[in-house]
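First the structure, in the form of structure tokens, and then the observations on it.
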Amino acid sequence: MNVDDKDNAIASAEQAGLYYSSNSELGYTRQIKEEEHIFLDTNGKQLKGKRELKRIEDMRIPPAWTDVWICEEKNGHLQATGIDAKKRTQYIYHSIWTQLRSEAKFDKMSTFGRVLPKIRERYFEDLANEGNKKQKDLPYERVMALIVRLLDTTFIRIGNETSRDDKETPTYGLSTMQDDHIDFDYTAIPDGEDKWYDGQVRVKLTFVGKSSKKHEIMVDDDEIPDLGAIAMMCQNAKDDKKVKGDDFFLFFDEEGNEQDVKAYHVNEYIQDISGERYTAKDFRTWGGTKLAAKSLT
Numbered sequence: 017m018n019v020d021d022k023d024n025a026i027a028s029a030e031q032a033g034l035y036y037s038s039n040s041e042l043g044y045t046r047q048i049k050e051e052e053h054i055f056l057d058t059n060g061k062q063l064k065g066k067r068e069l070k071r072i073e074d075m076r077i078p079p080a081w082t083d084v085w086i087c088e089e090k091n092g093h094l095q096a097t098g099i100d101a102k103k104r105t106q107y108i109y110h111s112i113w114t115q116l117r118s119e120a121k122f123d124k125m126s127t128f129g130r131v132l133p134k135i136r137e138r139y140f141e142d143l144a145n146e147g148n149k150k151q152k153d154l155p156y157e158r159v160m161a162l163i164v165r166l167l168d169t170t171f172i173r174i175g176n177e178t179s180r181d182d183k184e185t186p187t188y189g190l191s192t193m194q195d196d197h198i199d200f201d202y203t204a205i206p207d208g209e210d211k212w213y214d215g216q217v218r219v220k221l222t223f224v225g226k227s228s229k230k231h232e233i234m235v236d237d238d239e240i241p242d243l244g245a246i247a248m249m250c251q252n253a254k255d256d257k258k259v260k261g262d263d264f265f266l267f268f269d270e271e272g273n274e275q276d277v278k279a280y281h282v283n284e285y286i287q288d289i290s291g292e293r294y295t296a297k298d299f300r301t302w303g304g305t306k307l308a309a310k311s312l313t
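In structure tokens, the structure reads:
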């Protein structure tokens, strides 16, 4: 979190009657005694106050968490943290803070909806950008446009290298999709169908995403029927270099050097167009907001 974000978070907490707490400060801890969990205060003495124990009980801290820290004050925006079985830090926030962030997310989506046409207009243009001869029809702008279009239509998570490299349960997103996650199928359009194009390369994405959920997604884009063909260029470029088993999406810089797509490339592209600090994650949130709104109509 940068300085501006932290300042805004502190101000938001104060406005809600909370203070911006941190697990770097002293707090209660959890230990096992006679096969049961007990809680210790900041002096290492066992907590026995009914109100405090009830507050902790209501947090429903998972029994499997280790290195549990609990905020000493009931109005801390962060109430507890712990380490889960995968050695990841997990957080429990004050209910008021959770509601506040949900409202902020909704407000952010309303402004995101207003800038989305600008992003779409730009990526439609960039999909036609073939770059120079060294770039093999895959300059940065075109590949970013391809991925953002997929974000905009499939709402797949962008992914990260840490999740991809997890040796026990690797999971994937668009930026970390592997060669064997993507299949192509050329489909001719029957004469009876009213289409302005004759055929297209369809893309099938089969991968394991967050929470080990398996996804099978067919990309069949009527607005951009050559989207699959552009994606196939990434495969062909890799075939030329005989590189297999790496992340699927790549681009070539102006000197013709192959560059692996990272999540930050996509976020920078989105922010350059919008002039705001939107990220790939906002497309998924936007998709969820649309689905929620549709279910209410």
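Under my numbering, think of the first position of the sequence shown as 17, with each following residue one higher. Built from N, CA and C at the ideal position, the CB exists for glycine as well.
Counting only runs of 4 or more residues that sit fully inside the segment 133–192, the alpha helix (DSSP H) segments are 156–170 and 177–180, in chain order.
Per DSSP, the beta-bridge partners of Ile54 are Gln47. Beyond the five residues adjoining it in sequence on each side, Thr114 comes within less than 7 Å, by CB distance, of no other residue in the same chain. Between the beta-carbon of Lys297 and that of Ile174 there is about 7 Å, and that keeps the pair under the 8 Å contact cut. By the CB criterion at 8 Å, Ile233 and Arg165 fall outside the cutoff. Counting other Cβ atoms within 10 Å of its Cβ, Ser111 stays below 16 and is therefore classed as exposed. For the set Arg117, Lys121 and Val219, the Cα lying nearest the Cα of Asp201 is the one of Val219. Here DSSP, grouped into helix, strand and coil, assigns Glu274 to strand. In this structure Arg104 is exposed. Its beta-carbon is surrounded by fewer than 16 other beta-carbon atoms within 10 angstroms. Where Glu232 is concerned, the enclosing beta strand (DSSP E) starts and stops at Lys230 to Val235.
According to the DSSP assignment, Ala96 belongs to no alpha helix (DSSP H) but to the beta strand (DSSP E) extending over Leu94 to Ile99. When secondary structure is reduced to three states using DSSP, Leu42 falls in the coil class, being assigned neither helix nor strand. Annotation for Asp83: no alpha helix (DSSP H) segment contains it, though the beta strand (DSSP E) segment containing it runs Thr82 to Cys87. Residue pairing by DSSP places Asp201 opposite Arg218 in a beta bridge.
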